[in-house]
Amino acid sequence: MPGKTFYLTTPIYYVNDAPHIGHAYTTVAGDVLTRWHRQRGERVWFLTGTDEHGEKVLRSAEANGMAPQEWCDRLVESAWKPVLRTIDAANDDFIRTTEPRHTTRVRAFLQGLYDAGQIYEDLYEGPYCVHCEEFKLPGDLKDGEGEYAGQLVCAIHGRPVEQLSERNWFFPLSKYADRLLAHYEEHPEAVEPASARNEVLSFIRGGLTDLSISRSSFDWGIPVPWDPAQVVYVWFDALLNYATAVGLGDTEGPGVEQYATTFPADVHLVGKDILRFHAVIWPAMLMAAGQPLPRKVFAHGWLLVGGEKMSKSKLTGIAPATVVDHFGSDAFRYYFLRAIQFGSDGSFSWEDMSARYTAELANGFGNLASRVAAMVVRYFDGELPAATDPGPAEDVVRDSAARAVATADEKIGALDFSGGINAVWELVDVLNGYLTEQAPWQLAKNDVDRARLATVLWTAAEGLRVLAVLLNPVMPKACAALWDSLGAQPVLGDLAAQPVADASRWGQLPAGLTVTKGAVLFPRLED
Ligand code: MSP
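Counting along the sequence shown from 1, when you hit position 77 you're at 78 in the working numbering, and nothing is skipped either side.
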């Protein structure tokens, strides 16, 4: 059987509303990381999808006068799947929790726990936040403000919680506390960044309470196999998507091998608001079923608006297409990963994005690419010349390329996207400085400088080759256009097949390639 596939997941998104750029942010990060791993030559599986059960989705369907399944179908097709194209995500699979491949496997999983004596019946009494779909602890609540003054509200949503009193089925989460602590002791890399790890450890050390895993007051969910009057709690259902999508529990068919080579996830990307579900409940469920644990849960920060988490319910959500229509999908992907340290919160502003677009993409990278191509076309009729007399200035460029490759690979592998892109940008800056110093447009004026001119343009083109390879996971459209303009495809093959590890091997662009001017990578924008 082949070795382990690099398996990355995004959270599955609630279909109570349309996506905003906070949701797209998680998916973009996952897309960049999986493209990077593909260019490392690894087999990769990138899963995303939608979380369709539960009270929150049910209520939005009702508010829109639709049956819940019909509502989900409509939102998935009109909003959630299209946003993947908007942001240029290349996911391998898209799971919906209403699909039979999910619901049957969830039922089998739960039945297995029940048969093993891991599920018991009890009364749940306490607060519940429908917006979080979460049973709340006293510490999760705060005093309400404004119209909710005098009430206890959810600390995340600022909205009142509901008091539930239901006979439910329970999962004995509390008994996994010691094993979870031992696991995180032994695998410090399993929750990142450090702030997330500390939060998880102190939460577990504070003591875990058993978890109600069913609801009886509404029916939009997966029926509990032995008690059809109850539906499975939406988080218990949703977390299992990471396993059901790759064949959990299959004993025959393609799921057997897929599960064996793919599960567990190498990275679960999550926002910090859903960290505990992924780093406490999910591994405990897997422990209970004797399944392997995720290798890493990485909690990123929030996109903020006015200092608060961007959200549709607070009407602060910006649709991804609004930003992409203006700047393009490449700039969207680049901006959020470079401007915000992954793991920290960050604010989006049109002004900041415009400024970076112009300085870094249009003037920095785009202009570099178009100047080099234009000069090869102009001075060598579009035929890439050979570098016949490389010297110290060329060594500086080559060394910078080697550094960019090594540092970017290390940083992006560690989910430090902005660190990785910064490392690549040092090469952009070195190449721009090199052109300014070597002034090929001056060399072109004298025939005696022809060999220098050829060397400078070849070196710049070779630097662009390295940039195309390294930036392809972040900006696939612009890099494809650059690859085209360098005429590299016929000799080196597809851009996405260029291994990162080989990117800094100098001298891959042979003289004689047909270089063309190509499209402007980042056109100047009207305000
Ligand atoms: N359905 C659950 C996840 C189940 S995973 C088994 C859920 N869905 S969600 O649609 O509310 O959120 C999905 C992801 O989007 C979460 O990781 C959340 O952190 C992220 N974001 C939602 N708003 C966000 C911002 N404003 N900024 C960054 N990420 C945000 O939770």
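Just so it is clear, CB atoms sit at the ideal spot from N, CA and C, and this is done for glycine as well.
Does the ligand HEM have even one heavy atom less than 8 Å from the beta-carbon of residue i?
i	result
Thr-27	Absent from the structure shown: the ligand HEM. Ligands present: the ligand MSP.
Which residues bound the alpha helix (DSSP H) around residue i?
i	result
Arg-36	22-40
Phe-278	Unbroken run through Phe-278: none, as it is neither H nor E.
Ala-289	283-289
Leu-305	Counting along the chain, Leu-305 falls outside any alpha helix (DSSP H), though it belongs to the beta strand (DSSP E) covering 304-306.
Val-257	255-263
Asn-242	242-245
Could you compute how far the alpha carbon of residue i sits from the alpha carbon of residue j?
i	j	result
Gly-508	Ser-371	21 Å
Gly-208	Ser-175	7 Å
Ala-462	Val-431	13 Å
Pro-128	Ile-282	18 Å
Leu-522	Leu-138	51 Å
Tyr-8	Asp-410	18 Å
Lys-518	Ala-239	49 Å
Pro-524	Phe-333	14 Å
Arg-277	Ala-479	38 Å
Asn-433	Gly-365	8 Å
Ser-213	Leu-526	53 Å
Ala-156	Gly-307	17 Å
Leu-76	Val-201	33 Å
Asp-93	Arg-36	11 Å
Thr-245	Arg-102	7 Å
Met-288	Glu-135	21 Å
Ala-504	Leu-493	11 Å
Gly-254	Gly-248	9 Å
Glu-126	Glu-167	7 Å
Thr-252	Gly-318	43 Å
Lys-273	Ser-196	10 Å
Leu-182	Ala-498	41 Å
Val-235	Asp-211	16 Å
Tyr-177	Ala-285	6 Å
Taking the alpha carbon of residue i as the point to measure from, which residue in the options has its own alpha carbon closest?
i	options	result
Arg-379	Cys-480, Leu-458, Arg-41, Gly-4	Leu-458
Arg-404	Pro-139, Leu-362, Gly-421	Gly-421
Leu-369	Leu-487, Ile-120, Arg-97, Glu-134	Leu-487
Ala-489	Asn-17, Asp-400, Cys-73, Ala-469	Ala-469
Asp-74	Ala-290, Val-33, Ala-19	Ala-19
Tyr-243	Ser-166, Asn-17, Thr-11	Thr-11
Glu-78	Leu-114, Val-268, Ala-91, Ile-96	Ile-96
Asp-331	Asn-17, Tyr-26, His-21	Tyr-26
Lys-310	Val-162, Ala-280, Thr-323, Asp-346	Asp-346
Arg-198	Trp-72, Gly-344, Gly-159, Ile-319	Gly-344
Gly-4	Glu-146, Pro-173, Glu-258, His-188	Glu-258
Ile-223	Val-373, Leu-124, Glu-63, Thr-105	Thr-105
Leu-316	Tyr-15, Thr-6, His-21, Ile-13	His-21
Starting from residue i, trace the beta strand (DSSP E) in both directions and tell me its first and last residue.
i	result
Asn-433	Note, Asn-433: premise wrong, no beta strand (DSSP E); alpha helix (DSSP H) at 418-439.
Thr-10	7-15
Asp-228	228-233
Arg-168	163-172
Ala-387	Taken as a continuous stretch (DSSP letters only), Ala-387 belongs to no beta strand (DSSP E), as it is neither H nor E.
Thr-51	45-52
Ala-300	298-301
Val-398	Premise fails: Val-398 lies in the alpha helix (DSSP H), 393-414, not in any beta strand (DSSP E).
Gly-272	268-272
By the 10 Å Cβ neighbour count, where 16 or more other Cβ atoms means buried, how is residue i classified, buried or exposed?
i	result
Trp-303	buried
Tyr-149	exposed
Ala-191	buried
Asn-17	buried
Leu-1	Coverage of the chain is limited to positions 2 through 528, which leaves residue 1 absent and any answer about it impossible.
Asp-353	exposed
Trp-72	buried
Trp-170	buried
Asp-32	buried
Ser-401	buried
Gln-40	buried
Ala-300	buried
Glu-361	buried
Asn-473	buried
Glu-163	exposed
Ala-482	buried
### Message
Suppose only complete runs of 4+ residues qualify. What are the alpha helix (DSSP H) ranges in the stretch 324-360, listed by chain order?
### Response
330-340, 351-357
### Any beta strand (DSSP E) of 3 or more consecutive residues that is wholly inside the stretch 60-142
94-97, 121-130
### Message
In chain order, what are the residue ranges of uninterrupted alpha helix (DSSP H) at least 4 long that sit wholly in the stretch 428-509?
### Response
441-444, 451-472, 477-487, 490-493
### Query
Considering only residues of the stretch 151-225, which uninterrupted alpha helix (DSSP H) runs meet the minimum length of 4 residues and lie entirely inside it, listed in chain order?
178-187, 195-206
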